[in-house]
């Protein structure tokens with residue numbers, strides 16, 4: 019009976035670890051947050067957009083896409099100042115920026 023209990027405990031550990039791994043894989047695939055490397059490259063793109071003053075398309079979490087130029091990056095507050103194509107100034111959290119594309123017109 020002791021060997022049977024050990025075998026059932028071993029089986030239970032295998033099943034739970036397999037389920038745990040599958041659950042972690044599911045969470046990793048379904049998350050929307052970008053990884054650190056993407057955040058750093060996004061930061062460099064934002065700084066380049068400020069220096070050049072070119073019009074860019076900024077994709078945000080809440081809204082679809084905002085077209086305009088990035089005027090300033092406030093690192094201490096974690097915000098970005100955008101001037102949209104209509105001339106409206108917006109303060110956007112840097113964490114809400116998903117992607118930046120250069121406008122080709």
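Numbering (my numbering), first residue to last: 19 to 123.
Every residue, glycine too, gets a C-beta built ideally from N, C-alpha and C.
Being a predicted model, the structure only gives us computed values, none of them experimental.
Item, Value
"If residue 177 and residue 98 are in contact, beta carbons under 8 Å, what's the gap, nearest whole angstrom?", "Any property of residue 177 remains undetermined from this structure, which presents the chain solely from 19 to 123."
"Is it buried or exposed for residue 40, if we count other Cβ within 10 angstroms and need 16 for buried?", "exposed"
"Let me make sure I understand the geometry here. Which of 119, 38 and 61 has the alpha-carbon closest to that of residue 85?", "119"
"Check residue 111 in the structure and name its three-state DSSP category.", "strand"
"Since residue 83 is in the beta strand (DSSP E), which residue starts that stretch and which ends it?", "83-92"
"Cβ atoms of residue 87 and residue 71: under 9 Å apart, would you say?", "yes"
"Whole angstroms is fine: what's the gap from residue 101's alpha carbon to residue 93's?", "18 Å"
"If you draw a straight line from the alpha carbon of residue 109 to that of residue 78, how long is it in whole angstroms?", "12 Å"
"How close, in whole Å, do the beta carbons of residue 91 and residue 68 come, if the pair is a contact with beta carbons under 8 Å?", "6 Å"
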